[in-house]
Amino acid sequence: MALQKVLLIDNDEKRCLEIKTVLSFLDYKVNVLEIEKLANVVNAEESPLIVLAEGVKINPDIVHDLFVDRKLHQPILYIHNKGRPATISKILRSYLVPLEWPTSYQSFVKSIRQLQSSANSLTEEMTQRATELFRSLVGNSQEVKRVRQLIQQVCVSDATVLILGESGTGKEVIARNIHYHSARRQKAFVPINCGAIPAELIESELFGHEKGAFTGALTARQGRFELAEGGTLFLDEIGDMP
């Protein structure tokens, strides 16, 4: 069985050796590296444990690449000196599990076990998502696999997504998969066929209207944007909108 990997980033040689010795004793495979190389060896699928020590100069571009662009949700054990508040970027701070140093063997092992548990949960979540995702999106071609990969990337984002394709190719299937595997899945998925709505009614359909706003408006009506609040609004055939 392969040993769990730990990525150790520490500029203090003495402390680094102490940490590496304990981790090796606990049957971890320890890779000591510079933080500049972190982005090259880390990915969400492997979920290695990351131990970062105070004193390492952190490039904000690396943090943005890992935790924003690549959506890495990996907890990091942060070793810091007693009595010294850590000065860390806001993005990275939310992923840190702090541990004062020097510390006892028991406290260090407890922190590592907690980090291991978080990493295991992350791996299980990624595996489950890969297994359960896209059952309605059948096919094993490279093109379909690429679509699945793209969906996995965008479903963790709040960005607006443009889905292109001919009629009948499954654009709504893609949209629903993005929605149901996003943080918005508990809210509504609201589709609307933009090409089937007359020009004079499109504003009312999208934004709603009050009673008496125009001839025939006998009651107030919520628009699709309001109905989709907190969820997903799917503007189907938006290219045919009048």
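Numbering (numbering that gives the first Met the number 0) for the sequence shown: 0 to 241. All residues carry an ideal CB built from backbone N, CA and C; glycine is no exception.
Residues that DSSP places opposite Gly-207 in a beta bridge: Walking along the sequence shown from the start, residue 207 turns up at place 208. According to DSSP, which records beta bridges pairwise, Gly-207 is partnered with Gln-221.
C-beta atoms of Leu-76 and Leu-114 nearer than 7 Å: Position 77 of the sequence shown, counted from the first residue, corresponds to residue 76. Position 115 of the sequence shown, counted from the first residue, corresponds to residue 114. Yes.
Proximity below 7 Å, CB of Glu-53 to CB of Asn-10: The residue labelled residue 53 in the question sits at position 54 within the sequence shown. The residue labelled residue 10 in the question sits at position 11 within the sequence shown. Result no, Cβ atoms of Glu-53 and Asn-10 do not sit closer than 7 Å.
Contact set for Arg-183: own chain, Cβ-Cβ below 7 Å, skip 5 residues either direction: Indexing the sequence shown from 1 puts residue 183 at position 184. Excluding residues within five positions, the ones whose Cβ falls inside 7 Å are Gly-229, Gly-230, Thr-231.
Residue interval of the beta strand (DSSP E) (run including Asn-80): As a working mapping, residue 80 is identified with position 81 in the sequence shown. Here the beta strand (DSSP E) through Asn-80 covers 75-80.
Burial state of Glu-44 (16 or more Cβ within 10 Å): Residue mapping note: residue 44 aligns to position 45 of the sequence shown, counting from 1. Any reading at Glu-44 must be qualified, since the residue scores a pLDDT of 49, below 50, and its modelled position is unreliable; the value itself is stated next. It counts as exposed.
Same chain, Cβ closer than 7 Å to Thr-192, neighbours up to 5 away in sequence not counted: As a position in the sequence shown, residue 192 is number 193, starting the count at 1. The displayed chain sequence assigns Asn, not Thr, to residue 192. Cβ within range, chain order: Asp-235, Glu-236.
Alpha-carbon to alpha-carbon, Ala-174 and Ile-8: The count along the sequence shown starts at 1 and reaches residue 8 at position 9. The count along the sequence shown starts at 1 and reaches residue 174 at position 175. When rounded, the separation of the alpha-carbon atoms in Ile-8 and Ala-174 is 40 Å.
C-beta atoms of Val-189 and Arg-220 nearer than 7 Å: Your numbering for residue 189 matches position 190 in the sequence shown. Your numbering for residue 220 matches position 221 in the sequence shown. Against a cut-off of 7 Å, the Cβ pair of Arg-220 and Val-189 comes out as no contact.
Where Gln-115 falls: helix, strand or coil (DSSP): Mapped onto the sequence shown, residue 115 falls at position 116. Looking at Gln-115 - three-state DSSP - the assignment turns out to be helix.
Cβ neighbour criterion (16 or more within 10 Å) applied to Val-40: Counting from one through the sequence shown, the residue named residue 40 turns up at place 41. Counting other Cβ atoms within 10 Å of its Cβ, Val-40 stays below 16 and is therefore classed as exposed.
Host alpha helix (DSSP H) of Asn-176 (start-end): Working through the sequence shown from its first residue, we reach residue 176 at position 177. Counting along the chain, the alpha helix (DSSP H) containing Asn-176 begins and ends at 170-179.
Within 7 Å, strictly: CB atoms of Val-278 and Tyr-27: Summary: the structure shown does not reach residue 278, with the chain confined to residues 0 through 241, and so no result is reported for it.
Simplified DSSP assignment, three categories, for Leu-232: As a position in the sequence shown, residue 232 is number 233, starting the count at 1. Note: Leu-232 maps to strand in three-state DSSP.
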